[in-house]
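>
There are 2 protein chains.
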Amino acid sequence: MDTVAIVGVGLIGGSFGLALRKAGFGGRIIGVSSEATVQAALAVGAIDQAAALPDAASRADLIYLAQPIGRILDTLHHLDPHLRPGALVTDVGSTKEMIVAQAANSIRRAQFLGGHPMAGKERRGVGEADADLFAGRTYILTPAEPHELDTPPAQEFREWLRRIGAKPFVLDAGAHDRIVSYTSHLAQLSSTALGATVAEHVAEDELAISGPGLHDSTRLALSSYDLWRDILATNTAAIDRALSDYIQKLEFIRQNLRTRELQQEFARAGKLAGRLRGAE
Amino acid sequence: MDTVAIVGVGLIGGSFGLALRKAGFGGRIIGVSSEATVQAALAVGAIDQAAALPDAASRADLIYLAQPIGRILDTLHHLDPHLRPGALVTDVGSTKEMIVAQAANSIRRAQFLGGHPMAGKERRGVGEADADLFAGRTYILTPAEPHELDTPPAQEFREWLRRIGAKPFVLDAGAHDRIVSYTSHLAQLSSTALGATVAEHVAEDELAISGPGLHDSTRLALSSYDLWRDILATNTAAIDRALSDYIQKLEFIRQNLRTRELQQEFARAGKLAGRLRGAE
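Protein chains in written order, with this note's numbering: chain A, 440 to 719; chain B, 440 to 719.
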């Protein structure tokens, strides 16, 4: 792997460039982004040079699509004629079924392997890029067939993922989208709904009457709709289902505020929260 | 104020003792708790000596009820015969209407002033006690009538609250219970419901597929049911209402996953989350 093209040099794309460098990658890193972003990315050392997509794609061994989901879908649609045979195209979209399907339809001259790094920050942009963003984080790969992981370019990409400290985790795209509808998308919407409900029913000067609990539970509510619009649009059915399950659980809790049934719910939720923290 | 009796020397009661000492209180601090707790409280310096409730109450100028809500209600029921005239009884219960009503019925020989420090930790017990627990935190006071704040013992108590760094905030008990049903109780139940829903629909080995968002949003789910049973039982109507509003909001979100209505909800929730972080 001599040349990497990072398409969309924001928080994730920029962090990938910095992480590759920190892990010892000595080849070229080409950035494809707006002029302002490219300048910022060059300044922090996330990329070596900028190019337009056709030029970058025609020179790269690895094309790393780190755009918003809608833009990834669009790039996949136009990318194929520019790819060199033997290249690997991967992406970082946080929903996978639609992207994998679009790639299967569009990418013919090179290999596609879907990805989703479970890493992020509240703030976006290459200014927030961090060479350690992926360290210790799960990095999901969603091959359409298992053997796609074992091609030479895929093996080399997986090796670089390990070198930047990510923990690769192989999953079917559909299973991925179902799981994240609970572990990520539901968590987001529960926080957004909490923030919106509190905003509607509690006056501004009454907000002093809140503790660290509301603070923690509304951190996700700081997320930008711009980021979530594409996620909600590309995983609607699974999110609808997760929300229905959540609403049903809240209804059950509401009807059992004074019964011992709640003890069971607290125990179940506490066990999960402990597990997420590495306890048992 | 020469003698303080802390009834229930756990995290809050123990922290109050340590905070008084740190702020320069030179009088006596008597603890009323189980033998094991009393020993632990003496060891960390949260109290000077232990006594049974009748003895402690008959000697104290301030009786600080820092038990769980159900125990506070019970203590109020039995406390009056032991009180000395001129004393002030206050409590830390996180719901206020039932406690204030019980005190109005039971406390006749001394003054009662309800309180609720908006401070806490995940872990309980005097071993977690912290002289700075109240520093910078809102400390709600719920007088039945405004003039109750201006009696000499109430003025002296408020002065000590300021010395330990708490920010007193005066509120009607009913308004308090309505507000915390959104800012505290709903936040707790949204987290418990999220944890329980994820636990039911995501397999253990799939939990690797989660990011920092789920981690934050399930921190409250670590809370013990033992603590919440009394809260849910003494603020049921307000919590029922807050849960209904939340469920309605989630239903609206579910029906608008692909419409621009969500942009408004994200904006509203983000503004609230920003405000909680002092951004407005």
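Note that the Cβ used here is the ideal one computed from N, Cα and C, for glycine as well.
So L753(A) and S630(A) are supposed to be a Cβ contact under 8 Å. How far apart are they, rounded?
Because chain A spans 440 through 719 in this model, residue 753(A) falls outside it and cannot be assessed.
> Hey, out of E474(B), V483(B), L501(B) and A706(B), whose CA is closest to A491(B)'s CA?
Working through the second sequence from its first residue, we reach residue 491(B) at position 52. Closest by alpha carbon: E474(B).
> Residues bridged to K606(A) by DSSP?
As a first step, residue 606(A) must be located in the first sequence, where it is residue number 167. Bridge partners of K606(A): T577(A).
> I'd like the list of long-range same chain contacts for I670(B), defined as Cβ closer than 7 Å, with 5 residues on each side in sequence excluded.
Within the second sequence, residue 670(B) is the residue found at index 231, counting from 1. The answer, listed in chain order, is I508, S533, T534 and H624.
> Below 8 Å on the Cβ atoms is my contact criterion, and I expect V539(A) with T581(A) to pass it. Report the Cβ-Cβ distance as a whole number of Å.
As a working mapping, residue 539(A) is identified with position 100 in the first sequence. As a working mapping, residue 581(A) is identified with position 142 in the first sequence. Sure, about 6 Å apart at Cβ, within 8 Å.
> Quick check on R537(A) - is its C-beta less than 7 Å from some C-beta in chain B?
On the first sequence, residue 537(A) is found 98 positions in, with the first residue counted as 1. Just to set this straight, residue 537(A) is Met in the shown sequence, not Arg. With 7 Å as the cut-off, M537(A) does not count as an interface residue toward chain B.
> For H640(B), would you say it is in contact with chain A, using Cβ-to-Cβ distances shorter than 7 Å as the test?
As a working note, residue 640(B) is residue 201 in the second sequence. Closer than 7 Å to some Cβ of chain A, the Cβ of H640(B) qualifies, so yes.
> According to DSSP, simplified to helix, strand and coil, what is V528(B)?
What you label residue 528(B) is simply residue 89 of the second sequence in a count that begins at 1. It is a strand residue.
> Spell out whether any CB of chain B is found under 7 Å from the CB atom of A479(A).
Locating residue 479(A) in the first sequence gives position 40, counting from the first residue. So, not an interface residue.
> Hey, which unbroken runs of the alpha helix (DSSP H) at 4 residues or more fall wholly within the stretch 452–539 of chain A?
474–483, 492–498 and 508–518
> Kindly indicate if chain A contains any beta-carbon less than 7 Å away from that of R685(B).
Indexing the second sequence from 1 puts residue 685(B) at position 246. Checking the sequence, you will find Tyr at residue 685(B) rather than Arg. Closer than 7 Å to some Cβ of chain A, the Cβ of Y685(B) qualifies, so yes.
> Mapping the DSSP letters down to three states, classify I445(B) as helix, strand or coil.
Taking the second sequence and counting its residues from 1, one reaches residue 445(B) at position 6. Of the three classes helix, strand and coil, the one that applies to I445(B) here is strand, per DSSP.
> Between the stretch 475–488 of chain A and the stretch 514–529 of chain A, do at least 3 Cβ pairs fall closer than 8 Å?
no
> What are the residues of the stretch 700–714 of chain A that lie near chain B, defined by any Cβ-Cβ distance shorter than 9 Å?
L701, Q702, Q703, E704, F705, A706, R707, A708, G709, K710, L711, A712, G713 and R714
> Between I692(A) and chain B, is any beta-carbon pair separated by less than 7 Å?
By 1-based counting over the first sequence, the position of residue 692(A) is 253. Output row for I692(A): interface = yes.
> Within 7 Å of any Cβ in chain A, is that where the Cβ of F608(B) sits?
Counting from one through the second sequence, the residue named residue 608(B) turns up at place 169. Yes, F608(B) lies at the interface with chain A (some Cβ there is under 7 Å from its Cβ).
> Enumerated in chain order, which unbroken segments of the alpha helix (DSSP H) with a length of 4 residues or greater are wholly contained in the stretch 594–647 of chain A?
612–619 and 626–640
> Name the residue from Q478(B), R498(B) and A708(B) whose alpha carbon lies nearest to the alpha carbon of S663(A).
Sequence index remark: in the first sequence, residue 663(A) carries index 224 (1-based). Checking every option, the nearest Cα to that of S663(A) belongs to A708(B).
> Please classify A480(B): is it buried, with 16 or more other beta-carbons within 10 angstroms of its beta-carbon, or exposed?
Here residue 480(B) refers to the residue found at position 41 of the second sequence. Within 10 angstroms of the beta-carbon of A480(B) lie 16 or more other beta-carbons, which makes it buried.
> Does the stretch 557–566 of chain A touch the stretch 586–596 of chain A, meaning 3 or more C-beta pairs lie closer than 8 Å?
At 8 Å Cβ cutoff, the stretches do not touch.
> If the cut-off is 8 Å on Cβ atoms, which residues from the stretch 667–682 of chain A count as contacting chain B, listed in chain order?
W667, R668, L671, A672, T675, I678, D679, A681 and L682
> Quick check: the Cα distance between A499(B) and P607(B), rounded to an integer number of angstroms?
In the second sequence, counting from the first residue as 1, residue 499(B) sits at position 60. In the second sequence, counting from the first residue as 1, residue 607(B) sits at position 168. For A499(B) and P607(B), the distance between alpha carbons rounds to 22 Å.
> Residues of chain A with a CB under 9 Å from the CB of G559(B): which are they?
As a position in the second sequence, residue 559(B) is number 120, starting the count at 1. Around G559(B), the beta-carbon contacts reaching into chain A at under 9 Å are G650, P651 and G652.
> Got a sec: is the Cβ-Cβ distance from V565(A) to anything in chain B below 7 Å?
The sequence position of residue 565(A) within the first sequence is 126, counting from 1. By this cut-off, V565(A) is not an interface position.
> What are the residues that DSSP puts in a beta bridge with G736(A)?
Residue 736(A) lies beyond the range of chain A shown here (440 to 719); nothing can be said about it.
> Considering only their Cβ atoms, is the gap separating L628(B) from S656(B) smaller than 7 Å?
Taking the second sequence and counting its residues from 1, one reaches residue 656(B) at position 217. Taking the second sequence and counting its residues from 1, one reaches residue 628(B) at position 189. In this structure, L628(B) does not lie closer than 7 Å to S656(B) by Cβ.
> Spell out whether any CB of chain A is found under 7 Å from the CB atom of V531(B).
In the second sequence, the residue the question calls residue 531(B) occupies position 92. No - not a single Cβ of chain A is within 7 Å of the one on V531(B).
> Would you say R523(B) reaches chain A, if we count a Cβ-Cβ gap shorter than 7 Å as a contact?
Residue mapping note: residue 523(B) aligns to position 84 of the second sequence, counting from 1. Not an interface residue.
> How many angstroms separate the CA atom of R548(A) from the CA atom of V477(A)?
The residue you call residue 548(A) lines up with position 109 of the first sequence. The residue you call residue 477(A) lines up with position 38 of the first sequence. The alpha-carbon atoms of R548(A) and V477(A) are separated by roughly 27 Å.
> Is there at least one Cβ from chain A nearer than 7 Å to A540(B)'s Cβ?
Taking the second sequence and counting its residues from 1, the one referred to as residue 540(B) is at position 101. No, because no Cβ of chain A sits closer than 7 Å to the Cβ of A540(B).
> Determine, using beta carbons only, whether Y503(B) comes closer than 7 Å to chain A.
The residue you call residue 503(B) lines up with position 64 of the second sequence. Taking Cβ atoms only, chain A never reaches closer than 7 Å to Y503(B), which makes this a no.
> Do A505(B) and G447(B) have their C-beta atoms closer together than 7 Å?
Within the second sequence, the letter at position 66 stands for residue 505(B). Within the second sequence, the letter at position 8 stands for residue 447(B). For A505(B) and G447(B), yes; Cβs fall inside 7 Å.
> Taking 7 Å as the CB-CB limit, is R597(A) close to chain D?
Among the protein chains of the structure shown, namely A and B, there is no chain D.
> May I ask you to report which of helix, strand or coil DSSP gives D571(B)?
Here residue 571(B) corresponds to residue number 132 of the second sequence, with the count starting at 1. Reduced to three states, the DSSP call for D571(B) is coil.
> Please classify Q488(A) as buried or exposed, where buried requires at least 16 neighbouring CB atoms within 10 angstroms.
As a working note, residue 488(A) is residue 49 in the first sequence. When all chains shown are included, Q488(A) counts as exposed.
> Starting from the C-beta of D519(B), find all residues in its chain whose C-beta is less than 6 Å away, skip the five residues before and the five after it, and write them out in chain order.
Numbered from 1 along the second sequence, position 80 holds the residue referred to as residue 519(B). If we look at D519(B) and ignore the five residues flanking it on each side, its Cβ neighbours are S545, I546, R547 and R548.
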